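Participant:
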Amino acid sequence: MELRNLKYLVSLEEEGSITAAAAANFVTQPAVSIQLKKLQEGLGTKLFETEGRKVRFTEAGKTVLQYARRYIDLENQLLKEMMDLQGLRKGRLSLGIIDAASIYVLPGIFSRFHELYPGIDVNLEVSSTMPLLRELEKGNLDIVVGSMPLTGQPGVEVFPIYREALVPIAPPGHILTRQSVVDPAELAGHPFISFHKESVTRKIIEDALEKIGISLEITMAIDSQEAIRNLVASGFGLSILPEWTVNEYIKKGTVSGLNVKGLRMERRLGLIVPAGRYISSTVRAFLDVLRKGLGIDLPDRLCRKGDDKK
Numbered sequence: 106m107e108l109r110n111l112k113y114l115v116s117l118e119e120e121g122s123i124t125a126a127a128a129a130n131f132v133t134q135p136a137v138s139i140q141l142k143k144l145q146e147g148l149g150t151k152l153f154e155t156e157g158r159k160v161r162f163t164e165a166g167k168t169v170l171q172y173a174r175r176y177i178d179l180e181n182q183l184l185k186e187m188m189d190l191q192g193l194r195k196g197r198l199s200l201g202i203i204d205a206a207s208i209y210v211l212p213g214i215f216s217r218f219h220e221l222y223p224g225i226d227v228n229l230e231v232s233s234t235m236p237l238l239r240e241l242e243k244g245n246l247d248i249v250v251g252s253m254p255l256t257g258q259p260g261v262e263v264f265p266i267y268r269e270a271l272v273p274i275a276p277p278g279h280i281l282t283r284q285s286v287v288d289p290a291e292l293a294g295h296p297f298i299s300f301h302k303e304s305v306t307r308k309i310i311e312d313a314l315e316k317i318g319i320s321l322e323i324t325m326a327i328d329s330q331e332a333i334r335n336l337v338a339s340g341f342g343l344s345i346l347p348e349w350t351v352n353e354y355i356k357k358g359t360v361s362g363l364n365v366k367g368l369r370m371e372r373r374l375g376l377i378v379p380a381g382r383y384i385s386s387t388v389r390a391f392l393d394v395l396r397k398g399l400g401i402d403l404p405d406r407l408c409r410k411g412d413d414k415k
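In terms of my numbering, the sequence shown opens at residue 106 and continues consecutively.
Right under this line is the structure:
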């Protein structure tokens, strides 16, 4: 049994077709088909069936997938440990971050990290928190900086690193901007632009409004804070966004902030680390720079000591 064949099987489950699995591994479709056939013959059982364009895994296939992921994770950990033996002259850090963190919170951290460790390549994946957690679980990411709180997420440790207010905004000249204080009930009568349903930030907003009996009319759902802000500026509706995203634009008059009576919301950003997984020297070096740069508390076991000498 070859590890690459197990990787092809995992890719098949993730991508949904042999063609897509081949593309994800930069090989041809026939090559993947042949290797998957060899895997099934070697195990003496059928692992999946194709129904049109759909792939359905058998019970045996589901079991093999569980072990395949463990093998792949062990290989990744082995490679990271071998890299540690070479010191921090070269390496790779795969980091998942939500867009606000990439723009407003972490650029200075990245700059300092590159200054200290120029041989380390940083691969950034920018998305919302839940998709990033799925990539973390698969072993495709080392750590994630995402929104808190997280519920029902086993296998991870979460450490608060930053907090910011959530600010209601409206298009310039909107009827609600004429009021010095807006009654929360008045928000419900206007189109509202928010994040997608699985967004942690959207849940924070909806939970806060639900407590005061307000249900919003969400007409658009988008992942990008920048896109939401621009749509509000263009008159498509109201929104509630993190203050870092809107403060400068409120000052410029591109959007207008709303003072909603009794509505105070904030979201917290957290460092999300896989529990029980090997933490490489590269990751610990980055977390040490993060800890010093943001002035936050992180366990010493997560941070590399004695490297920040410049």
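C-beta: ideal position from N, C-alpha, C; glycine also. Bear in mind the structure is a predicted one, so any value in this text is a computation, not a measurement.
Classify D413 as helix, strand or coil using the three-state DSSP reduction.
Facilitator: What you label residue 413 is simply residue 308 of the sequence shown in a count that begins at 1. Summary for D413: the model assigns pLDDT 44, below 50, so the residue's position carries little reliability; its value from the coordinates is reported in the next sentence. Reduced to three states, the DSSP call for D413 is coil.
Participant: Output yes or no for whether 7 Å exceeds the beta carbon distance between V132 and I123.
Facilitator: For the purposes of this step, residue 132 is taken as the residue at position 27 of the sequence shown. For the purposes of this step, residue 123 is taken as the residue at position 18 of the sequence shown. Cβ distance not < 7 Å, so V132 and I123 don't count as in contact.
Participant: Given G260, which residues of its chain have a CB within under 8 Å of its CB, disregarding the five upstream and five downstream residues?
Facilitator: Taking the sequence shown and counting its residues from 1, one reaches residue 260 at position 155. If we look at G260 and ignore the five residues flanking it on each side, its Cβ neighbours are E242, P379, A380 and G381.
Participant: Roughly how many angstroms separate the alpha carbons of T150 and G166, rounded to a whole number?
Facilitator: For the purposes of this step, residue 150 is identified with residue 45 of the sequence shown, where counting begins at 1. For the purposes of this step, residue 166 is identified with residue 61 of the sequence shown, where counting begins at 1. Computed Cα separation, rounded: 9 Å.
Participant: To test your reading of the DSSP string, which unbroken alpha helix (DSSP H) runs of 4 or more residues are found completely within the stretch 273-360?
Facilitator: For the stretch 273-360, whole alpha helix (DSSP H) runs of length 4 or above, ordered along the chain, are 305-316, 330-338 and 348-357.
Participant: How far does the alpha helix (DSSP H) with L148 in it reach, from first residue to last?
Facilitator: Counting from 1 along the sequence shown, the entry for residue 148 is found at position 43. Taken as a continuous stretch (DSSP letters only), the alpha helix (DSSP H) holding L148 covers Q134 to L148.
Participant: Less than 7 Å between the C-beta atoms of I274 and V351, yes or no?
Facilitator: One-based indexing of the sequence shown puts residue 274 at position 169. One-based indexing of the sequence shown puts residue 351 at position 246. Yes.
Participant: Check whether the stretch 201-208 touches the stretch 320-337, taking contact to mean three or more Cβ pairs, one atom from each stretch, closer than 8 Å.
Facilitator: With a cut-off of 8 Å, the stretch 320-337 and the stretch 201-208 count as touching, because enough Cβ pairs lie within range.
Participant: Could you give the distance in angstroms between the alpha-carbon of D413 and the alpha-carbon of S233?
Facilitator: Position 308 of the sequence shown, counting from 1, holds the residue named residue 413. Position 128 of the sequence shown, counting from 1, holds the residue named residue 233. Caution is warranted here: a pLDDT of 44 is assigned to D413, below 50, making its placement in the model unreliable, and the coordinate value is therefore given only provisionally. So the alpha carbons of these two residues sit roughly 31 Å apart.
Participant: Report the CB separation of F300 from A326 in whole angstroms; it is logged as a contact under 8 Å.
Facilitator: The residue you call residue 300 lines up with position 195 of the sequence shown. The residue you call residue 326 lines up with position 221 of the sequence shown. That pair is a contact at about 6 Å.
Participant: Can you check whether the CB of L229 is closer than 7 Å to the CB of L200?
Facilitator: Your numbering for residue 200 matches position 95 in the sequence shown. Your numbering for residue 229 matches position 124 in the sequence shown. Yes; because the gap between Cβ atoms is below 7 Å, this pair is in contact.
Participant: Nearest to E262 by alpha carbon, out of Q182, I377 and L368?
Facilitator: Taking the first residue of the sequence shown as position 1, residue 262 is located at position 157. Measuring from the Cα of E262, the nearest candidate turns out to be I377.
Participant: Bridge partners of Y422, per DSSP?
Facilitator: The structure shown does not extend to residue 422, since the chain is modelled only from 106 through 415, so no value can be given for it.
Participant: Please determine, among G244, R239, L246 and Y267, the residue with the shortest C-alpha to C-alpha distance to S252.
Facilitator: On the sequence shown, residue 252 is found 147 positions in, with the first residue counted as 1. If we check each option's Cα against that of S252, Y267 comes out closest.
Participant: Please report the straight-line C-alpha distance between K316 and G244, rounded to a whole angstrom.
Facilitator: Start at 1 with the first residue of the sequence shown, and residue 316 comes out as number 211. Start at 1 with the first residue of the sequence shown, and residue 244 comes out as number 139. Straight-line Cα distance between these residues: approximately 37 Å.
Participant: If you pair each beta-carbon of the stretch 275-283 with each one of the stretch 303-323, do three or more pairs fall below 8 Å?
Facilitator: Short answer: they don't touch.
Participant: Please determine, among S385, N130, G358 and F341, the residue with the shortest C-alpha to C-alpha distance to R109.
Facilitator: Position 4 of the sequence shown holds residue 109. That would be N130, whose Cα lies nearest to the Cα of R109.
Participant: Would you report the Cα separation of F264 and V231, rounded to the nearest angstrom?
Facilitator: Working through the sequence shown from its first residue, we reach residue 264 at position 159. Working through the sequence shown from its first residue, we reach residue 231 at position 126. Rounded to the nearest angstrom, the two C-alpha atoms are 19 Å apart.
Participant: Could you compute how far the alpha carbon of M106 sits from the alpha carbon of I225?
Facilitator: Here residue 106 is taken as the residue at index 1 of the sequence shown, counted from 1. Here residue 225 is taken as the residue at index 120 of the sequence shown, counted from 1. About 33 Å.
Participant: How far does the beta strand (DSSP E) with D393 in it reach, from first residue to last?
Facilitator: Your numbering for residue 393 matches position 288 in the sequence shown. Taken as a continuous stretch (DSSP letters only), D393 belongs to no beta strand (DSSP E), being part of the alpha helix (DSSP H) at S386 to L399.
Participant: Quick test of your reading: V360 and V337, contact by CB under 8 Å. State the CB separation rounded to the nearest angstrom.
Facilitator: Against the sequence shown, residue 360 aligns to sequence position 255. Against the sequence shown, residue 337 aligns to sequence position 232. Contact flag correct, Cβ pair sits at about 5 Å.
Participant: Could you give the uninterrupted runs of the beta strand (DSSP E) lying entirely in the stretch 172-254, keeping only those of 3 residues or more?
Facilitator: Runs found: 196-202, 225-231 and 248-253.
Participant: Whole angstroms are fine: how far does the CA of M370 sit from the CA of K112?
Facilitator: On the sequence shown, position 7 is the one that residue 112 refers to. On the sequence shown, position 265 is the one that residue 370 refers to. Each residue's Cα considered, the two are about 44 Å apart.
Participant: Determine the extent of the alpha helix (DSSP H) in which E472 is found, giving its start and end residues.
Facilitator: Within the shown structure, residues of the chain are numbered from 106 to 415, placing residue 472 beyond reach of any answer.
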